(Lines of atoms letter the chains of each structure in order from A; the text may use other names.)
(Lines give C-alpha, C1' and ligand atoms only; values in the text may rest on other atoms or scores of the structure.)
Protein backbone atom coordinates (compact mmCIF):
# COMPACT_ATOMS: atom_id res chain seq x y z
CA UNK A 3 0.00 0.00 0.00
CA UNK A 4 1.29 3.45 -0.89
CA UNK A 5 1.51 5.98 1.95
CA UNK A 6 1.97 9.73 1.95
CA UNK A 7 5.66 9.18 2.69
CA UNK A 8 6.02 7.49 -0.71
CA UNK A 9 4.96 10.63 -2.62
CA UNK A 10 7.25 13.31 -3.98
CA UNK A 11 7.02 16.90 -2.76
CA UNK A 12 5.11 17.88 -5.91
CA UNK A 13 2.69 14.99 -5.49
CA UNK A 14 2.14 15.91 -1.84
CA UNK A 15 1.43 19.51 -2.81
CA UNK A 16 -1.05 18.35 -5.44
CA UNK A 17 -2.84 16.00 -3.03
CA UNK A 18 -2.88 18.69 -0.33
CA UNK A 19 -4.32 21.23 -2.76
CA UNK A 20 -6.93 18.78 -4.01
CA UNK A 21 -8.06 17.88 -0.50
CA UNK A 22 -8.19 21.55 0.53
CA UNK A 23 -10.40 22.25 -2.48
CA UNK A 24 -12.63 19.29 -1.64
CA UNK A 25 -12.95 20.51 1.96
CA UNK A 26 -14.21 23.86 0.69
CA UNK A 27 -16.78 22.21 -1.57
CA UNK A 28 -17.91 19.73 1.08
CA UNK A 29 -18.30 22.51 3.66
CA UNK A 30 -20.34 24.60 1.19
CA UNK A 31 -22.59 21.63 0.42
CA UNK A 32 -23.04 20.90 4.13
CA UNK A 33 -23.94 24.55 4.85
CA UNK A 34 -26.48 24.59 1.98
CA UNK A 35 -28.12 21.37 3.13
CA UNK A 36 -28.17 22.49 6.78
CA UNK A 37 -29.72 25.83 5.83
CA UNK A 38 -32.35 24.13 3.66
CA UNK A 39 -33.28 21.66 6.43
CA UNK A 40 -33.53 24.42 9.04
CA UNK A 41 -35.69 26.55 6.73
CA UNK A 42 -38.04 23.64 6.06
CA UNK A 43 -38.35 22.85 9.76
CA UNK A 44 -39.03 26.51 10.57
CA UNK A 45 -41.62 26.81 7.81
CA UNK A 46 -43.23 23.62 9.04
CA UNK A 47 -43.79 25.28 12.42
CA UNK A 48 -45.44 28.28 10.74
CA UNK A 49 -47.75 25.96 8.78
CA UNK A 50 -48.72 24.13 11.96
CA UNK A 51 -49.67 27.42 13.65
CA UNK A 52 -51.81 28.46 10.67
CA UNK A 53 -53.54 25.07 10.64
CA UNK A 54 -54.22 25.28 14.38
CA UNK A 55 -55.78 28.73 13.91
CA UNK A 56 -58.03 27.45 11.13
CA UNK A 57 -59.06 24.47 13.23
CA UNK A 58 -59.96 26.79 16.12
CA UNK A 59 -62.02 28.94 13.73
CA UNK A 60 -63.85 25.84 12.49
CA UNK A 61 -64.59 24.72 16.06
CA UNK A 62 -65.95 28.18 16.89
CA UNK A 63 -68.07 28.29 13.72
CA UNK A 64 -69.48 24.84 14.52
CA UNK A 65 -70.41 25.92 18.04
CA UNK A 66 -72.16 29.01 16.62
CA UNK A 67 -74.06 26.72 14.27
CA UNK A 68 -75.02 24.53 17.23
CA UNK A 69 -76.44 27.56 19.04
CA UNK A 70 -78.38 28.57 15.93
CA UNK A 71 -79.88 25.09 15.59
CA UNK A 72 -80.67 24.87 19.32
CA UNK A 73 -82.51 28.20 19.18
CA UNK A 74 -84.45 27.23 16.05
CA UNK A 75 -82.86 30.03 14.01
CA UNK A 76 -83.96 30.76 10.47
CA UNK A 77 -82.84 28.09 7.96
CA UNK A 78 -81.09 30.75 5.86
CA UNK A 79 -78.97 31.75 8.85
CA UNK A 80 -78.02 28.12 9.54
CA UNK A 81 -77.21 27.64 5.84
CA UNK A 82 -74.99 30.73 5.92
CA UNK A 83 -73.15 29.33 8.94
CA UNK A 84 -72.76 25.99 7.12
CA UNK A 85 -71.17 27.91 4.24
CA UNK A 86 -68.72 29.58 6.63
CA UNK A 87 -67.78 26.18 8.10
CA UNK A 88 -67.37 24.67 4.62
CA UNK A 89 -65.14 27.55 3.49
CA UNK A 90 -62.93 27.25 6.57
CA UNK A 91 -62.72 23.48 6.13
CA UNK A 92 -61.79 23.98 2.48
CA UNK A 93 -58.95 26.31 3.49
CA UNK A 94 -57.72 23.76 6.04
CA UNK A 95 -57.91 20.92 3.50
CA UNK A 96 -55.97 23.03 0.98
CA UNK A 97 -53.04 23.15 3.37
CA UNK A 98 -52.50 19.39 3.12
CA UNK A 99 -48.88 18.52 3.61
CA UNK A 100 -46.95 21.52 2.39
CA UNK A 101 -43.67 21.19 0.53
CA UNK A 102 -41.91 22.27 3.70
CA UNK A 103 -43.08 19.20 5.64
CA UNK A 104 -40.22 17.13 7.01
CA UNK A 105 -41.10 13.81 8.60
CA UNK A 106 -39.08 12.75 11.64
CA UNK A 107 -37.56 9.93 9.57
CA UNK A 108 -36.57 12.33 6.79
CA UNK A 109 -35.05 14.75 9.32
CA UNK A 110 -32.93 11.94 10.81
CA UNK A 111 -31.77 10.81 7.37
CA UNK A 112 -30.89 14.35 6.35
CA UNK A 113 -28.99 14.86 9.59
CA UNK A 114 -27.03 11.65 8.90
CA UNK A 115 -26.09 13.06 5.50
CA UNK A 116 -24.86 16.25 7.19
CA UNK A 117 -22.84 14.20 9.68
CA UNK A 118 -21.26 12.23 6.82
CA UNK A 119 -20.26 15.46 5.06
CA UNK A 120 -18.71 16.77 8.29
CA UNK A 121 -16.79 13.50 8.69
CA UNK A 122 -15.52 13.63 5.08
CA UNK A 123 -14.34 17.20 5.55
CA UNK A 124 -12.62 16.40 8.85
CA UNK A 125 -10.93 13.31 7.40
CA UNK A 126 -9.41 15.41 4.60
CA UNK A 127 -8.32 18.07 7.09
CA UNK A 128 -6.61 15.40 9.19
CA UNK A 129 -4.77 14.11 6.12
CA UNK A 130 -3.63 17.64 5.26
CA UNK A 131 -2.15 17.89 8.77
CA UNK A 132 -0.28 14.63 8.04
CA UNK A 133 1.09 16.10 4.81
CA UNK A 134 2.20 19.26 6.63
CA UNK A 135 4.04 17.10 9.17
CA UNK A 136 6.09 15.34 6.46
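In the numbering used here, the protein residues as written are 3 to 136.
Don't be surprised by glycine CBs; every beta carbon is placed ideally from N, CA and C.
These numbers were taken from a predicted model, which means no experiment stands behind them.
Which value, in whole angstroms, describes the spacing of the CA atoms of residue 53 and residue 63?
Taking the first residue of the chain shown as 1, we reach residue 53 at position 51. Taking the first residue of the chain shown as 1, we reach residue 63 at position 61. The C-alpha of residue 63 is placed about 15 Å away from the C-alpha of residue 53.
Is the separation between the beta-carbon of residue 130 and that of residue 50 shorter than 8 Å?
Here residue 130 refers to the residue found at position 128 of the chain shown. Here residue 50 refers to the residue found at position 48 of the chain shown. Inclusion of residue 130 and residue 50 in the CB contact set at 8 Å is not warranted, their separation being larger than that value.
Taking the alpha carbon of residue 105 as the reference point, which residue from 26, 39 and 8 has its own alpha carbon closest?
Residue mapping note: residue 105 aligns to position 103 of the chain shown, counting from 1. It is 39.
Determine whether the beta carbon atoms of residue 56 and residue 93 lie at a separation below 8 Å.
For the purposes of this step, residue 56 is taken as the residue at position 54 of the chain shown. For the purposes of this step, residue 93 is taken as the residue at position 91 of the chain shown. Result yes, Cβ atoms of residue 56 and residue 93 sit closer than 8 Å.
Grouping DSSP H, G and I as helix and E and B as strand, with all else coil, what is residue 90?
Your numbering for residue 90 matches position 88 in the chain shown. Residue 90 falls in the helix class under three-state DSSP.
Should residue 116 and residue 20 be called a contact, given that it needs their Cβ atoms to be closer than 8 Å?
Within the chain shown, numbered from 1, the residue matching residue 116 stands at position 114. Within the chain shown, numbered from 1, the residue matching residue 20 stands at position 18. Taking 8 Å as the cut-off, the beta carbon of residue 116 is found no closer than this to the beta carbon of residue 20.
For residue 16, report the span of its alpha helix (DSSP H) as first-last.
The residue labelled residue 16 in the question sits at position 14 within the chain shown. Counting along the chain, the alpha helix (DSSP H) containing residue 16 begins and ends at 11-72.
Along the alpha helix (DSSP H) that carries residue 3, what are the first and last residues, could you check?
Stepping through the chain shown from its first residue, residue 3 is reached at position 1. Careful: residue 3 lies outside any alpha helix (DSSP H) and carries neither H nor E.
What's the gap between the Cα of residue 4 and the Cα of residue 10?
Position 2 of the chain shown holds residue 4. Position 8 of the chain shown holds residue 10. Roughly 12 Å separates the two Cα atoms.
Check this for me: beta carbons of residue 119 and residue 25, under 8 Å apart or not?
For this step, residue 119 is matched to residue 117 along the chain shown. For this step, residue 25 is matched to residue 23 along the chain shown. Contact: no.
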